[in-house]
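K.L.:
The numbers in the sequence shown follow our numbering, run straight up by one, and end at 479.
Idealized CB from N, CA, C, for every residue including glycine.
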Amino acid sequence: MKYVSTRGQSPAQTFSEILLGGLAPDGGLYLPERYPQFTKADLQRMRGMNYRELAFEVLSRFADDIPAADLKAIIDKTYTAEVYGFGRSDSDFSQITPVRKLEDGLYILELSNGPTLAFKDMAMQLLGNLFEYALARAGQDINILGATSGDTGSAAEYAMRGKKNVRVFMLSPLEGMTRFQQAQMYSLQDANIHNIVVRGVFDDCQDIVKAVSNDLEFKARYRIGAVNSINWGRVSAQVVYYFKAYFAATKSNDEEVAFSVPSGNFGNACAGHVARMMGLPIRQIIVATNENDVLDEFFQTGVYRPRTSGETQHTSSPSMDISKASNFERFIADLTGRDYAKVTELWQAVDRGASFDLKPAGLFDKVKGYGLVSGHSSHADRMATIRQVWDKYGVMIDTHTADGLKVGLERREAGVKLICLETALPAKFEDAIREALGREPERPQSLANLEALPQRYEVLDADTEAVKNLIAAHAND
Ligand SMILES: *Cc1c(COP(=O)(O)O)cnc(C)c1O
3 MKYVSTRGQS PAQTFSEILL GGLAPDGGLY LPERYPQFTK ADLQRMRGMN YRELAFEVLS
63 RFADDIPAAD LKAIIDKTYT AEVYGFGRSD SDFSQITPVR KLEDGLYILE LSNGPTLAFK
123 DMAMQLLGNL FEYALARAGQ DINILGATSG DTGSAAEYAM RGKKNVRVFM LSPLEGMTRF
183 QQAQMYSLQD ANIHNIVVRG VFDDCQDIVK AVSNDLEFKA RYRIGAVNSI NWGRVSAQVV
243 YYFKAYFAAT KSNDEEVAFS VPSGNFGNAC AGHVARMMGL PIRQIIVATN ENDVLDEFFQ
303 TGVYRPRTSG ETQHTSSPSM DISKASNFER FIADLTGRDY AKVTELWQAV DRGASFDLKP
363 AGLFDKVKGY GLVSGHSSHA DRMATIRQVW DKYGVMIDTH TADGLKVGLE RREAGVKLIC
423 LETALPAKFE DAIREALGRE PERPQSLANL EALPQRYEVL DADTEAVKNL IAAHAND
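1. Would you call the segment 424 to 434 and the segment 456 to 464 touching, i.e. three or more CB-CB distances under 8 Å?
2. Closest to Asn233 by C-alpha separation, out of Gly312, Phe268 and Val200, would be which residue?
3. Output the distance between the C-alpha atoms of Lys253 and Ile284, rounded to the nearest integer angstrom.
4. Measure how close the beta-carbons of Ser262 and Gly410 come, nearest whole angstrom, since I'm counting them as under 8 Å.
5. Is Asp153 near ligand 1, going by C-beta to nearest heavy atom under 7 Å?
6. Between Phe261 and ligand 1, is the CB less than 7 Å from at least one heavy atom?
7. If contacts are defined as beta-carbon pairs under 8 Å, then Gly89 and Ser114 qualify, I think. What distance do you get, rounded to the angstrom?
8. I need the straight-line Cα distance from Asp336 to Ser151, nearest angstrom please.
9. Leaving aside the five residues before and after Lys246 along the sequence, list all residues of the same chain whose C-beta is less than 7 Å from its C-beta, in chain order.
10. Scan the segment 359 to 419 and note each continuous beta strand (DSSP E) run of 3 residues or more that stays entirely inside, going in chain order.
11. CB-CB under 8 Å to Ile324, same chain, minus the five flanking residues each way: which ones, in chain order?
12. Please report the distance separating the alpha-carbon of Lys430 from that of His402.
13. Could you give the residue range of the beta strand (DSSP E) that holds Thr291?
14. For Ser311, which option in Ile288, Leu452, Ala157 and Val203 has the closest C-alpha, if you only look at C-alpha atoms?
15. Please say whether Val168 and Ile146 have beta carbons closer to each other than 8 Å?
16. DSSP puts Ile198 in a beta bridge; with which residues?
17. Using a Cβ-Cβ cut-off of 7 Å (strictly less than) and excluding sequence neighbours within five positions of Arg332, which residues of its own chain qualify?
18. Pull up the DSSP beta-bridge partners for Phe330, would you.
19. Could you tell me if the beta carbon of His402 falls within a distance shorter than 7 Å of some heavy atom in ligand 1?
20. Using 8 Å as the cut-off, can you tell me whether the segment 376 to 392 makes contact with the segment 218 to 238, which would need three or more C-beta pairs spanning the two stretches below that distance?
21. Would you say Ala26 reaches chain B, if we count a Cβ-Cβ gap shorter than 8 Å as a contact?
22. CB-CB under 7 Å to Ala468, same chain, minus the five flanking residues each way: which ones, in chain order?
23. In the DSSP assignment, what are the bridge partners of Cys422?
24. Contact between the segment 207 to 215 and the segment 179 to 195: three or more CB pairs below 8 Å?
25. Just to check my reading of the structure: Arg163 and Ile195 have Cβ atoms closer than 8 Å, yes? What is that Cβ distance to the nearest angstrom?
26. Candidates Asp465, Leu420 and Arg389: which alpha carbon is nearest Ala434's?
27. Restricting to Cα atoms, I'd like to know which of Asp44, Ala327, Thr82 and Ile20 is closest to Leu282.
28. Is it the case that the Cβ atoms of Asn292 and Asp405 are separated by a distance below 8 Å?
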């Protein structure tokens, strides 16, 4: 399997070659040359498999340059009930991603039982083990630099903690994260994890990461890498649970289902699209946004208009507060039939901050054929949905999952089972739960005293040089 760029100007690469990198050299995103195909007979064979077996079945098609025995060992070490055992006390952790039935035809896919209580653990834990393997083989090391407003940073740190040849430098803003999120990251005592608290907001953190990454000499000298949502390894790992959920919710491979996906950077929904392209019988992928509705606007109108940071709202589903959807270019590449010149033209406009409209060229009409539909949600909708689900089913959901459920119920077709992806646990967003329900969310026993643990972080001004100095001081530890 070779990977090509959505802009068509970079040499084809193997899975291992793109694993540690970010964007392709031409500025595009990597995609497999063509999607591996699962036939009905394959699906029948896969139906009874457990999570690890399914993960190997799917990932061995994408990572075919990693020896099968090695890939299998990495998968077996990653997807265990111990790693994914932090969810509700009545969940069946042996399933790794249990499917919870709310009523006939309506399900929650539990993706947030990993160590940071959000779905990003599903892919990031695998990435941590893949990185350690790939670096050892190549005799290299890497310094991962990132900025976080919550979920990504903690998922990366819990995946990379204690890993050989990997250091993490994670910038987070002094204000803006919940106490739980801060404690989750700052309580890590591993020597290879560096929490850098920036006197500023999330945008300041992101600007510093960009500035450091644009210094090519520094980047090369200190072997700077990233684990952001465009990483193909992350997308491919997320494909697996669509298969797992499909088999759990259906009895026959003739049935089609709908997935609703709380969306920000379109990584999760993109994985659903890939699963569908591989032959999984998905009728609808329902893209749910919050007030930051750049994706909803596209799927409703054909216009993709990235927002400015001033237009981007801070909401009660903060992990979906995005101004543009960084994985969206992958879908557009497929929509154009891999017309790389067209994708380049569209994203040259986007990179300038302009928008594009796919209606005139007739491309928008083709979106229907991919099963993608959308909707958006507001703070009041989230609160109402959390209350409804609690009252009706006795199940507590977080604000992001509430966005997904609300839009999913609006957009579903009659007679088609709806599987709503749970992207975080309510314990992570206590204030919102208190507002909606007037009570505290359940918290895993092992995290009961999280906020009281000693914390380890350095506070710096929003100053690129200060951050570079800190990296340089530890880059060879
Ligand atoms: C990251 C995240 C999302 C958005 O996922 P994308 O892949 O960026 O679309 C939704 N909910 C939660 C809780 C997240 O952490």
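P.N.:
Let me spell this out:
1. no
2. Phe268
3. 14 Å
4. 3 Å
5. yes
6. no
7. 7 Å
8. 30 Å
9. Tyr53, Leu56 and Thr99
10. 374 to 378
11. Gly266, Asn267, Asn294, Val296 and Thr314
12. 11 Å
13. Ile284 to Thr291
14. Val203
15. yes
16. Leu173 and Glu460
17. Thr8, Leu31, Leu33 and Cys272
18. Answer is none; Phe330 lacks a bridge partner.
19. yes
20. no
21. Considering every chain present, this structure includes no chain B. It has just one protein chain.
22. Leu462
23. Ile110 and Ser262
24. no
25. 6 Å
26. Arg389
27. Asp44
28. yes
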